[in-house]
Amino acid sequence: MRRLKSIAVVGVGLIGGSFALAMRRAGAVTRIVGVDRDAQALERAASLGVIDTVTQSASEAAAGADLVFVAVPVRAMGPVLHDVALGLGPDAVVTDAGSTKADVVRTAGEELRERIARFVPGHPIAGRESSGVDAAVADLFRGARVVLTPDAATSPGATALVRSCWEACGARVTEMPATAHDRVFASVSHLPHLLAFALVSEIVSRPDAADLLGFAAGGFRDFTRIAASSPEMWRDIALANREALLEEIDRYCARVAVFRELVARGDASGLQRLMTEARNARRAWPGGKRSSSDE
């Protein structure tokens, strides 16, 4: 890819900071400008060398940038894109890292207006339990998948630029429609996170929670690991993708009801059959192991 003169990173936490570090390591950018609502995080990003320049507003950060990378909670996307539009140059490209896409595309249309052709919706499927710029690493996206969801209004050149940036970060890039993205991730990401939060919430609400957790071992830890993720972020994702997530919750509840009925009937063969099917499918899954809280 061509070396970019300047990238603006709006939100210098784990994802924004890791993107900045990965682009710097790849030699794909000369200058990185950062902005964040948390002044201490912004100064920390500068002290760590994640960004070169600190700015106080998204519009100031966007001014002169070849690429604006927006890594904020999805419910904060509207005000941020509004400010970005105020400083955006005519040839600049904007992309995001939101975990939902249809709502972000709608918001971008409202805020960027005639600049919407320069907006490339994106979603890096990577993360860690730890958040903030101190958790940012240059290899976070190496081997990870990134989904781009351009539509008919998106400039092919803008999409190509964003794709090349992610590939420079070591990511594997896929494209799909925004609505298809949201259906897929409601099932394989948003639902599992909700279930993990719900299980921990249910256990800790009991009077004997301390005793129960004292006996919790690997299975409970594995299942609930992602409940250590950012509540703010996952609240926003759940509400932004509400319809698709509700459909997945209903499907899951229906399947749990099947398992409950088998347990209630003492149906050993039925339980074993479903468990064996699930085990075989899990063993055949080519997704591999990740230690991160995938988004």
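In this text, residue positions in the sequence shown follow our numbering: the first is 8, and each later residue adds one.
Positions of the beta carbon are idealized from the N, C-alpha and C atoms, including for glycine.
Note that this is a predicted model, so its numbers are computed, not measured.
Assuming Arg25 contacts Val144 under a Cβ cut-off of 8 Å, what Cβ separation, rounded to an integer in Å, is found between them?
Just to set this straight, residue 25 is Ser in the shown sequence, not Arg. The pair is a contact, with the Cβ atoms about 6 Å apart (cut-off 8 Å).
Taking its Cβ as the centre, do 16 or more other Cβ atoms sit within 10 Å of Cys176, making it buried, or is it exposed?
buried
Check Asp103 in the structure and name its three-state DSSP category.
In the three-state reduction of the DSSP assignment, Asp103 falls in the strand class.
I need the straight-line Cα distance from Ala285 to Leu278, nearest angstrom please.
11 Å
Roughly how many whole angstroms lie between the Cα atoms of Ile39 and Gly18?
12 Å
Closer than 7 Å by C-beta to Tyr259: which residues in its own chain qualify, once you throw out the five before and the five after it? Chain order, please.
Leu198
In angstroms, rounded to a whole number, what distance separates the CA positions of Ala48 and Leu28?
A straight line joining the alpha-carbon of Ala48 with that of Leu28 spans about 15 Å.
Can you find the residues in the same chain that come closer than 6 Å, C-beta to C-beta, to Trp173, ignoring five residues on each side of it along the sequence?
Result list for Trp173: Val153, Val180, in chain order.
Output yes or no for whether 8 Å exceeds the beta carbon distance between Asn248 and Thr107.
yes
Are the beta-carbon atoms belonging to Ala68 and Asp189 less than 8 Å from one another?
Going by C-beta atoms, Ala68 is not nearer than 8 Å to Asp189.
Contact between the segment 213-229 and the segment 71-78: three or more CB pairs below 8 Å?
no
Taking only the alpha-carbon atoms, compute the straight-line gap between Ile22 and Asp146 and give it to the nearest angstrom.
About 11 Å.
Classify Arg170 as buried or exposed, calling it buried when 16 or more other Cβ atoms lie within 10 Å of its own Cβ.
buried
With DSSP as the reference, label Arg135 as helix, strand or coil.
coil
Between the Cα of Ala70 and the Cα atoms of Ala53, Ala142, Val42, which residue gives the shortest distance?
Of the candidates Ala53, Ala142, Val42, the one whose C-alpha sits nearest the C-alpha of Ala70 is Val42.
Start and end of the beta strand (DSSP E) containing Phe76?
74-77
Restricting to Cα atoms, I'd like to know which of Val195, Thr186, Val127 is closest to Ser162.
Val127
Applying the criterion that 16 or more other CB atoms from any shown protein chain within 10 Å of the CB defines a buried residue, is Arg297 buried or exposed?
The predicted model places Arg297 with a pLDDT of 46, which falls under 50 and marks its position as unreliable, so this point remains unresolved.
Using a Cβ-based criterion (distance less than 7 Å to any ligand heavy atom), does Cys176 qualify as near the ligand HEM?
Questions concerning the ligand HEM fall outside what the structure shown contains, since it holds no ligand whatsoever.
Within 8 Å, do at least three Cβ pairs link the segment 88-99 to the segment 119-135?
Using a Cβ-Cβ distance cut-off of 8 Å, the segment 119-135 and the segment 88-99 are in contact, since at least three pairs of beta carbons, one from each stretch, lie closer than that value.
From which residue to which residue does the beta strand (DSSP E) around Ile210 run?
First-last for Ile210: 198-211, but that is the alpha helix (DSSP H), not the beta strand (DSSP E).
Determine the DSSP secondary structure at Val154, reduced to helix, strand or coil.
strand
Quick check: what's the CA-CA separation for Leu246 versus Gly85?
15 Å
Do you know whose CA, among Ser276, Leu202, Ala291, Ala53, lies nearest Asp229's CA?
Residue Leu202 is the option with its Cα nearest to Asp229.
Our contact map puts Ala151 next to Ala178 with C-beta atoms below 8 Å; I'd like the distance itself, whole angstroms only.
5 Å
Where are the beta strand (DSSP E) runs, 3 residues long or more, that stay fully inside the segment 11-66, in chain order?
11-17, 36-42
Which of the three DSSP states, helix, strand or coil, is assigned to Ile228?
Here the sequence assigns Arg to residue 228, which means Ile is not the residue at that position. The answer is helix: DSSP assigns Arg228 an H, G or I state.
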